[in-house]
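Under our numbering, the first residue of the sequence shown is numbered 3, with each subsequent residue one higher.
Every residue, glycine too, gets a C-beta built ideally from N, C-alpha and C.
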Amino acid sequence: MSASPFDVAIVGGGAAGTLVAIQLLRQATTALRIAVLEPRAVLGRGAAHATERPEHLLNVRAGGMSAFDAAPGDFVDWLQDAEPDTPRARIAEAFVPRQRFADYLAARLAQASADSPATLQHLPARALSLEREAEGFLLQLDGAGPVRARAVVLATGNAPRPLPARGARSLPPARRIEAWDNAALAGIEADAAVCIVGSGLSMVDAALALLAAGHRGPLHVLSRHGLTPLPHVDGAPAQAVDVEALLTLPLRARLLAVRREVARAQAQGVPWQAVMDALRPHVQRLWTTLSGADQRRFLRHVVRLWDVHRHRIAAPVHAQLQQALARGQLQRHRARLDTAMAGARCVQLHGHGPHGEILALEVAHVINATGVELRVQAMRNPLLAELVGSGLAAPGPHGIGLDTCPNGRLRDADGQPVPGLLAIGSLRIGALWESLAIPELRGQAETVAREALAVSGPR
Numbered sequence: 003m004s005a006s007p008f009d010v011a012i013v014g015g016g017a018a019g020t021l022v023a024i025q026l027l028r029q030a031t032t033a034l035r036i037a038v039l040e041p042r043a044v045l046g047r048g049a050a051h052a053t054e055r056p057e058h059l060l061n062v063r064a065g066g067m068s069a070f071d072a073a074p075g076d077f078v079d080w081l082q083d084a085e086p087d088t089p090r091a092r093i094a095e096a097f098v099p100r101q102r103f104a105d106y107l108a109a110r111l112a113q114a115s116a117d118s119p120a121t122l123q124h125l126p127a128r129a130l131s132l133e134r135e136a137e138g139f140l141l142q143l144d145g146a147g148p149v150r151a152r153a154v155v156l157a158t159g160n161a162p163r164p165l166p167a168r169g170a171r172s173l174p175p176a177r178r179i180e181a182w183d184n185a186a187l188a189g190i191e192a193d194a195a196v197c198i199v200g201s202g203l204s205m206v207d208a209a210l211a212l213l214a215a216g217h218r219g220p221l222h223v224l225s226r227h228g229l230t231p232l233p234h235v236d237g238a239p240a241q242a243v244d245v246e247a248l249l250t251l252p253l254r255a256r257l258l259a260v261r262r263e264v265a266r267a268q269a270q271g272v273p274w275q276a277v278m279d280a281l282r283p284h285v286q287r288l289w290t291t292l293s294g295a296d297q298r299r300f301l302r303h304v305v306r307l308w309d310v311h312r313h314r315i316a317a318p319v320h321a322q323l324q325q326a327l328a329r330g331q332l333q334r335h336r337a338r339l340d341t342a343m344a345g346a347r348c349v350q351l352h353g354h355g356p357h358g359e360i361l362a363l364e365v366a367h368v369i370n371a372t373g374v375e376l377r378v379q380a381m382r383n384p385l386l387a388e389l390v391g392s393g394l395a396a397p398g399p400h401g402i403g404l405d406t407c408p409n410g411r412l413r414d415a416d417g418q419p420v421p422g423l424l425a426i427g428s429l430r431i432g433a434l435w436e437s438l439a440i441p442e443l444r445g446q447a448e449t450v451a452r453e454a455l456a457v458s459g460p461r
């Protein structure tokens with residue numbers, strides 16, 4: 003079968019891939035041919051934004067969610083078009099449903115497509131393999147014919163981690179549910195006992211969906227550290243932090259300095275969240291200036307505390323979870339899950355706490371909310387596995403994601419940049435750490451689109 007020719011192929015059509023497509027359409031000056039390889043029927047609705055549930059809110063205020071660095075108020079502008087009587091400042095401070103952001107991306111994609119000399123084609127297929135050729139790359143697809151492209155952008159998004167327990171893979175599908183599977187969550191009986199494994203943002207989504215549906219049964223939340231996301235606060239004043247001084251310090255000294263900043267702020271009546279917000283734009287530099295040894299220490303000892311302070315949730319969402327805890331419906335367990343065995347009517351879970359104490363639970367359903375898989379070898383993605391196996395790509399620092407240049411180009415097994423092969427988002431976490439949120443994705447999208455055009459543009 004002959005391969006369909008394109009100038010740029012984007013592998014993945016969630017938020018990251020859609021942002022790249024928008025940038026390619028906006029930057030193109032000729033009849034560029036763009037393909038987006040995405041099995042889902044609609045672009046821009048990856049795992050995080052596919053939800054239609056109104057209780058699933060963005061974890062960032064609307065004012066920080068523009069698709070464009072050069073137009074930071076664009077998402078607010080779009081929202082206000084539908085709510086002209088709502089004060090702009092109120093919209094900018096709101097945590098809106100994620101479905102609204104997916105609708106916004108679709109609108110901006112349609113607008114960019116209408117205004118561009120380039121053409122975009124959505125191929126509802128999954129990329130299985132990639133072969134380097136003299137004039138670019140050949141991609142084999144699942145469910146469609148092969149594609150040739152002069153440049154390829156990997157925007158594969160977030161892969162869920164498997165349940166970390168012996169026997170978990172043998173659980174019946176109706177008993178083992180992914181936190182992002184909203185249809186399966188909706189099928190859980192209202193009185194059923196449920197265990198959510200993992201206590202981060204995916205847990206929040208699953209718990210909110212169940213509570214909003216009127217779930218009455220107990221909700222057990224099990225995680226090794228027992229930490230849950232903390233809330234944003236309203237009206238926190240901007241806080242100045244000497245980031246340049248922090249960059250000169252090793253990890254331990256940085257942490258002590260940040261704690262001093264927090265104590266100083268709180269002494270003045272300023273919440274700790276203001277200090278974290280001041281650090282937020284500089285996280286990539288804070289990561290890349292750590293030594294490799296300090297990065298490993300961070301991953302071993304600090305990352306859980308960092309996550310609950312950095313990846314916060316809207317205050318009303320936090321309050322709802324606290325209410326469920328207070329009435330005893332939501333129960334937290336600090337333990338490591340060892341085994342999961344299916345019985346005739348339930349799932350039997352066994353684990354152990356930090357001091358060896360035994361945990362035993364019997365539940366009707368287990369929800370996997372363990373978060374994002376960061377290691378390419380464990381993602382069960384045949385394309386990424388082949389890229390690493392062939393040497394066309396290499397694992398990123400500490401085995402996280404892929405090794406990339408600052409401009410998004412992949413590095414091969416010899417450490418050499420691969421022209422025309424680029425990555426965005428979760429595949430760059432090892433190199434950048436902060437690489438999942440929209441403020442980072444929109445900047446990466448602009449850069450990788452420019453790099454792809456440099457390879458695939460007119461010759």
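- Approximately 6 Å separates the beta-carbon atoms of residue 206 and residue 315; this is inside 8 Å, confirming the contact.
- Boundaries for residue 332: no alpha helix (DSSP H) harbours it, while the beta strand (DSSP E) harbouring it runs 332 to 336, taken from the DSSP string.
- Rounded to the nearest whole angstrom, the C-alpha separation of residue 355 and residue 338 is 6 Å.
- For residue 103, the enclosing alpha helix (DSSP H) starts and ends at 100 to 117.
- Where residue 458 is concerned, the enclosing alpha helix (DSSP H) starts and stops at 440 to 458.
- Here the C-alpha atom of residue 275 lies approximately 20 Å from the C-alpha atom of residue 435.
- Rounded to the nearest whole angstrom, the CA to CA distance from residue 282 to residue 155 is 26 Å.
- With a contact defined as Cβ atoms closer than 8 Å, residue 195 and residue 366 qualify at about 6 Å.
- Relative to the Cα of residue 39, the nearest Cα in the group 267, 395, 273 and 385 belongs to 385.
- About 7 Å separates the beta carbons of residue 71 and residue 448, which is inside the 8 Å limit, making them a contact pair.
- With fewer than 16 other beta carbons inside 10 angstroms of its own, residue 409 counts as exposed.
- Scanning 121, 141 and 135 for the CA closest to the CA of residue 128 turns up 141.
- Beta-bridge pairing by DSSP links residue 179 to 369.
- Taking C-beta atoms as the reference points, residue 170 and residue 163 fail to come closer than 8 Å.
- With a contact defined as Cβ atoms closer than 8 Å, residue 5 and residue 145 miss out at about 15 Å.
- Here the segment 171 to 190 does not lie against the segment 30 to 37, with fewer than 3 beta-carbon pairs under 8 Å apart.
- Residue 372 holds the alpha-carbon nearest to the alpha-carbon of residue 227 among 362, 372 and 124.
- Runs of the alpha helix (DSSP H) spanning 4 or more residues and lying entirely within the segment 219 to 297 occur at 245 to 249, 253 to 269, 274 to 281 and 285 to 290, in chain order.
- Excluding sequence positions up to five before and after residue 400, its CB lies within less than 7 Å of the CB of 297, 298, 301 and 432, all in the same chain and listed in chain order.
- Under the three-state reduction of DSSP, residue 421 is assigned to strand.
- DSSP places residue 327 inside the alpha helix (DSSP H), whose first and last residues are 317 to 328.
- Around the CB of residue 360, fewer than 16 other CB atoms lie within 10 Å, so the residue is classed as exposed.
- Residue 416 is classed as exposed because its beta carbon has fewer than 16 other beta carbons within 10 Å across all chains shown.
- Within the DSSP bridge table, the entry for residue 197 names 222 and 368 as partners.
- Sequence-distant Cβ neighbours of residue 90 in its own chain, meaning closer than 7 Å and more than five residues away, are 78 and 82.
- Nearest in C-alpha terms to residue 439, of all of 405, 285 and 397, is 285.
- Residue pairing from DSSP places residue 343 in a beta bridge opposite 350.
- Burial check for residue 96: the Cβ neighbour count within 10 Å reaches 16 or more, so the residue is buried.
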